[in-house]
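J.: I am attaching a structure below and will ask some questions about it afterwards.
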Amino acid sequence: MAATQTTFNVRESQTNPGPRVMAAPKSVNIALTGRCNLACKYCFYADEMVALRDLPTERWLAFFAELGSLAVQQVTLTGGEALTRPDFWELVDGVIASKLRYSLLSNGTLITEATLAEFAQGKRRLRLDSIQISIDGSRAEIHDASRPGSFGRALRGLRLLVKAQFPVTVRVTVNRRNLDDLEAIAALLLEDVGLRRFSVNEAFSCGAAETNAATMLLTPTEREQAMRALALLAERYEGRIGASAGPLAYAKEFKRIEEALARGETGFPGRGRLVGCGGVWNKLDILHDGPATT
């Protein structure tokens, strides 16, 4: 989406009558690069996405400034692997200069003591909301089946962040390789590493996961297994496992529906019909080739 087009739509929403829509999203997800130091088996950013060209530093800095001028509050920096960009810290400083807060999504393998020292510069840590690391197994054999050769480095990066008391969490992507490891993953993250909570999702049929469907994507029966296992774990750990999509989110929603039906209810307030994803009303995503110029 062009930066100029964003401004036009903001002005239009302020003058045209109709549904109440925010003038600008509260947060924007920004894929800074298509490059990554891993080749995950379910990566949606594979193939044609990687072929797109990364925007140069100055274009991103100008875009951050426009977001700030539109009263956007927060950006989430991702990739690819955002830390592979040589100008990553310059971009973070640009986010801060534009009066934005930020989060980071990372595979964790490039987070070292030197990374923590960089966060200590200026207002980088002060304006940081969270860092999300991807862990897909309780041991290398399981994790590396999805994210080859990365378990030791990812876990080390995670432990460094926890020890330094960074606002860190983990996303576990449920797939055929880690389906039977979910209990051990929860024990590793919540008991051993000491996270306050973590979240789960599911490998979906796009990008590399489509190519590796036979080894990555859950069957309907396996998805039901994941739903049951995660629901029990979420109960055991008293809500410390969350989800906005995937098996645990399905399990929670189905339970809510069953409880409503048992009470004789046939719907939920404000949800009388099926609707699409609500993310369009408060969030915007930008690929690494950036806001279009036309």
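For reference, each letter of the sequence shown is one residue, going 592 to 885 in the numbering used here. Built from N, CA and C at the ideal position, the CB exists for glycine as well.
1) In three-state DSSP terms, what is residue 694?
2) So which of 614, 634, 878 and 674 has the shortest CA-CA distance to residue 659?
3) Alpha carbon to alpha carbon, how far is residue 684 from residue 702?
4) Name the residue from 773, 731 and 760 whose alpha carbon lies nearest to the alpha carbon of residue 824.
5) Among 816, 808, 859 and 718, which has the Cα closest to the Cα of residue 666?
6) Using the DSSP secondary-structure output, state which residues sit across from residue 765 in a beta bridge.
7) Return the bridge partner residues of residue 874 from the DSSP annotation.
8) Could you give the uninterrupted runs of the alpha helix (DSSP H) lying entirely in the stretch 662-739, keeping only those of 4 residues or more?
9) Can you find a C-beta in chain C that's less than 8 Å from the C-beta of residue 786?
10) I need the straight-line Cα distance from residue 838 to residue 738, nearest angstrom please.
11) Can you tell me whether DSSP reads residue 757 as helix, strand or coil?
12) With DSSP as the reference, please indicate the residues paired to residue 833 in a beta bridge.
13) At what residues does the alpha helix (DSSP H) containing residue 809 begin and finish?
14) Going by the C-beta, is residue 633 closer than 7 Å to any heavy atom of the ligand ATP?
15) Given this structure, state the Cα-to-Cα distance separating residue 819 from residue 762, to the nearest angstrom.
16) Cα separation between residue 767 and residue 808?
17) Report buried or exposed for residue 760, applying the criterion of at least 16 other Cβ atoms within 10 angstroms of its Cβ.
18) Only counting the same chain, and skipping five residues up and downstream in sequence, which positions put a Cβ closer than 6 Å to that of residue 651?
19) Leaving out five residues before and five after residue 678 in sequence, what residues of the same chain have Cβ atoms less than 8 Å from its Cβ?
20) Under 8 Å: do the stretch 841-852 and the stretch 795-811 share three or more Cβ pairs, one atom per stretch?
T.: With the structure as the only source:
1) Correct three-state label for residue 694: strand.
2) Comparing Cα positions, the closest option is 614.
3) Distance between residue 684 and residue 702, taken at the CA atoms: about 18 Å.
4) It is 773 whose Cα lies nearest to the Cα of residue 824.
5) When 816, 808, 859 and 718 are compared, the shortest CA-CA separation from residue 666 is found for 718.
6) Beta-bridge partners of residue 765 (DSSP): 793.
7) Paired residue(s): 618.
8) As far as the stretch 662-739 is concerned, its whole alpha helix (DSSP H) runs of at least 4 residues are 679-688, 704-710 and 731-737.
9) In the displayed structure, chain C is absent; only one protein chain is listed.
10) Spanning the two alpha carbons is a distance of roughly 20 Å.
11) Coil.
12) Residue pairing by DSSP places residue 833 opposite 790 in a beta bridge.
13) Premise fails: residue 809 is in no alpha helix (DSSP H) and is neither H nor E.
14) The ligand ATP is not among the ligands present in this structure, which contains no ligands whatsoever.
15) Rounded to whole angstroms, residue 819 and residue 762 show a C-alpha spacing of 19 Å.
16) Taking the straight line joining both Cα atoms gives about 6 Å.
17) For residue 760, the number of other beta carbons within 10 angstroms of its own is at least 16, and it is reported as buried.
18) Take residue 651, set aside five residues on each side of it, and the residues of its chain with a beta-carbon closer than 6 Å to its own are 682, in chain order.
19) Cβ neighbours of residue 678 beyond the five flanking positions: 648.
20) By the Cβ criterion, the stretch 841-852 is not in contact with the stretch 795-811, since fewer than three pairs of Cβ atoms, one from each stretch, lie closer than 8 Å.
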